[in-house]
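J.: Sharing a structure here in structure tokens format.
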Amino acid sequence: MISRLRIFFINNAVAILILLLIAVALPVAKLPAKFLAQEILLRLGRDTFLVLALLLPIMAGMGLNFGMVLGAMAGQLGLMFITDWGVVGIPGLLLAMILSLPISVLLGWLCGAIMNRAKGREMVTGFILAFFMNGIYMMVVLYAMGSLIPIFNPEMLLSRGYGIRNVVGLEGVRQAFDNFIPLRIHGLKVPVFSYLLIAAGAAFLVWFRRTKLGQDMRAVGQDRAVAAAAGIPVDRTRILAIIISTVLAGLGQVIFLQNMGTINSISSHEQIGMFSIAALLIGGASVTRATIPNVIIGVILFHMMFLVSPMAGKNLIGSGMLGEYFRQFVSYGVIALALVLYEWKRVSQENESRASLRREAAAGTPKPAGGGAA
Amino acid sequence: MTHRSLIQRAGAALLLASLPAVLFYCGKGHTLLLDTNAVTIDGKEYASADTVNVAVDGHGPESMGRAERAQVTVGGPRHTIAIEVATDDRKVVRRISIPTFMDTALVSVPAILGGAPRQHWVTKFTAPPSGDAPVEQIQQQESSIVLAAPPSAAVTKP
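So the protein lines, in turn, are chains G and C.
Under our numbering, the first sequence has 308 at position 308, and the numbering climbs by one with no breaks.
Under our numbering, the second sequence has 43 at position 43, and the numbering climbs by one with no breaks.
Set out below in structure tokens:
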């Protein structure tokens, strides 16, 4: 019984920690329940699709895809183009999504190919790759757009005549998805269409897991060597997992930014990977296992913490900045804690299997070769 | 690759290639300048009523006097314009089409109200040189910009 409890606490350490923090901060913050409910409803529609994009690489054994930032860049580029061309409303957002597809596929393929050369170190590779691609993205946005890539709307350009301004307004598509099916419940605005898009994304993932490719991804995630021996093209399967994740991240970024209503062309994409990963981990996921309920619970808890912590900080010590620091601390801290727990569990599993081998050898039982953790 | 899957993939590629064009056509945004200046078409003058309420796609309505302009932003090529004359309760509802690449269109309210030929309802707006428009004629009314421009000041007939 104690052992079971111990395993439960270890497996859900991050979620339990955040729940405790929220439980302490909520009464201190003294935020109206209606305000909290409204914010959570809106933020759930804004962020969930982005977090869904992380599931497939985890299934394929590639860990948390920090490379999803590449997809976010593609989504932003799509939105910049439709803003320049003056395409508005739902058709504008759908066009931005379609425009992001080829860019996402290309970047996803590049990311997957590089990760295949760094097997076992995918997370740090994705993290650094995002920094590298950020440089190329900056070159495209700050130099190529307006000089090599024609931009027709002079209001989007910097005063020097090329390069996109820091802030691009999305007036034509602002909350177009959120307001497409207007619904109010007890005065709370519900972004129904955004939820439908998220449901479609989740349904796609559920369906995909049952396909041949989905099963291949699962097999690759469990053991690359066994999957390769079974005839599964491991490298190709891993690249496809990253491509699909990058494409979903691009679509998610469009949903995210239509809700925000503006693009910060320099930095809107930068924190997306970190925050999405933190949200997923808070939902109870780990580096090797993540589900759709983890996504939804994670987004709710993460944003709940985001909402209550600045107010709690302000009420406790008279400064809202404490909450801001706290938010940053928790985002990065949660990821660090999850990685440490993952590594600790891996090492203890290896030790346990080694000890059991020794016990069996001492007992004189004949033992087939292998048995260590992958 | 089988013959069937080749056709399926070609169909999907064709759909992906044509969908952006359809979305661009359906979602292209336009700025409509609702104009109540009197216009002369084929020698006949069409003047606006003293006060009209103009609604585009059910949004508004915008209350406008004579020789005024109101700005609305719309998406897509086809729109419904409803013009209601405040003095005699006359109401006209018409469908207007905006050419895809016409960013700013001047919609003549008197032409629609007076039953002028359809091709004169919407014309391309070309902004006059900044020096031509007297500053005192520019008024700000709530969220919309209303310009008391001189008749035919900025109209380019197609």
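Ideal Cβ placement from N, Cα and C applies to all residues, glycine included.
(1) By how many angstroms is the C-alpha of residue 247(G) removed from the C-alpha of residue 31(G)?
(2) In the DSSP assignment, what are the bridge partners of residue 87(G)?
(3) Any idea which residues DSSP pairs residue 41(C) with across the strands?
(4) Taking beta-carbon pairs under 9 Å, can you tell me which members of the region 69-90 of chain G lie near chain C?
(5) Anything in chain D within Cβ reach of residue 20(C), meaning under 8 Å, just list it in chain order.
(6) Need the endpoints of the beta strand (DSSP E) that residue 237(G) sits in, please.
(7) According to DSSP, what are the bridge partners of residue 347(G)?
(8) Output the residue ranges of the alpha helix (DSSP H) runs that lie fully inside the region 279-363 of chain G and measure 4 residues or longer, sorted by chain position.
(9) By the 7 Å beta-carbon criterion, what residues does the region 142-172 of chain G contribute toward chain C?
(10) Does any C-beta atom of chain C lie closer than 8 Å to the C-beta of residue 252(G)?
(11) Distance check for residue 290(G) and residue 231(G), CA to CA, integer angstroms please.
(12) Can you pull the DSSP bridge partners for residue 157(G)?
(13) When you compare each of 97(C), 9(C), 90(C) to residue 80(C) by their alpha carbons, which one comes out closest?
(14) Express the C-alpha separation of residue 332(G) and residue 322(G) in angstroms, rounding to a whole number.
(15) Mind listing the chain C neighbours of residue 120(G)? Cutoff is C-beta to C-beta under 7 Å, in chain order.
(16) Run the CB neighbour count on residue 3(C), radius 10 Å, all protein chains shown included, and call it buried at 16 or more, exposed below.
(17) According to DSSP, is residue 128(G) helix, strand or coil?
(18) Would you please verify whether the beta carbon of residue 92(G) is less than 8 Å from any beta carbon of chain C?
(19) Does any residue of chain G bring its CB to less than 8 Å from the CB of residue 23(C)?
(20) Go through its chain and collect everything with a Cβ distance to residue 251(G)'s Cβ below 6 Å, but skip five positions before and after it.
(21) Any beta carbon of chain G sitting closer than 8 Å to that of residue 11(C)?
(22) Confirm, please, whether the CB-CB distance from residue 24(C) to residue 95(G) is below 8 Å.
(23) Give every residue of the same chain whose Cβ lies closer than 7 Å to the Cβ of residue 114(C), excluding the five residues on either side of it in the sequence, and list them in chain order.
(24) Quick check on residue 186(G): does DSSP put it in helix, strand or coil?
(25) Listing by chain order, which chain G residues have their CB less than 8 Å from the CB of residue 57(C)?
(26) Run through DSSP, which three-state label would residue 59(C) get?
(27) For the beta strand (DSSP E) that residue 84(C) lies in, which residues bound it at each end?
(28) Counting beta carbon pairs with one atom in the region 23-42 of chain G and one in the region 185-195 of chain G, are three or more of them shorter than 8 Å?
(29) Tell me, please, whether the region 30-40 of chain C touches the region 91-106 of chain C by the rule of three or more beta-carbon pairs shorter than 8 Å.
(30) How many angstroms separate the CA atom of residue 26(C) from the CA atom of residue 254(G)?
(31) Out of 43(G), 287(G), 168(G), 319(G), state which residue places its alpha-carbon closest to the alpha-carbon of residue 57(G).
(32) Buried or exposed, going by whether 16 or more other CB atoms sit within 10 Å of the CB of residue 121(C)?
(33) Against residue 43(C), what residues of chain G qualify as contacts under a CB-to-CB distance less than 7 Å, listed in chain order?
(34) Please classify residue 181(G): does DSSP put it in a helix, a strand, or coil?
(35) Rounded to whole angstroms, how far is the Cβ of residue 18(G) from the Cβ of residue 282(G), which I believe are closer than 8 Å?
(36) In whole angstroms, what is the alpha-carbon distance linking residue 15(C) and residue 22(C)?
T.: Let me lay it out:
(1) 37 Å
(2) 28(C)
(3) 44(C)
(4) 82, 85, 86, 87, 88, 89, 90
(5) Considering every chain present, this structure includes no chain D. Its protein chains are G and C.
(6) Note, residue 237(G): premise wrong, no beta strand (DSSP E); alpha helix (DSSP H) at 234-260.
(7) Residue 347(G) pairs with nothing; no bridge assigned.
(8) 292-317, 321-363
(9) 172
(10) no
(11) 26 Å
(12) 164(G)
(13) 97(C)
(14) 16 Å
(15) Near residue 120(G) there are no residues of chain C at all, since even the closest Cβ is about 34 Å away, more than 7 Å.
(16) exposed
(17) helix
(18) yes
(19) yes
(20) 97
(21) no
(22) yes
(23) 46
(24) coil
(25) Chain G residues near residue 57(C): none, gap ~11 Å exceeds 8 Å.
(26) strand
(27) 78-85
(28) yes
(29) yes
(30) 19 Å
(31) 287(G)
(32) buried
(33) Under the 7 Å cutoff, chain G gives no residues; its nearest Cβ is about 36 Å from residue 43(C).
(34) coil
(35) 5 Å
(36) 10 Å
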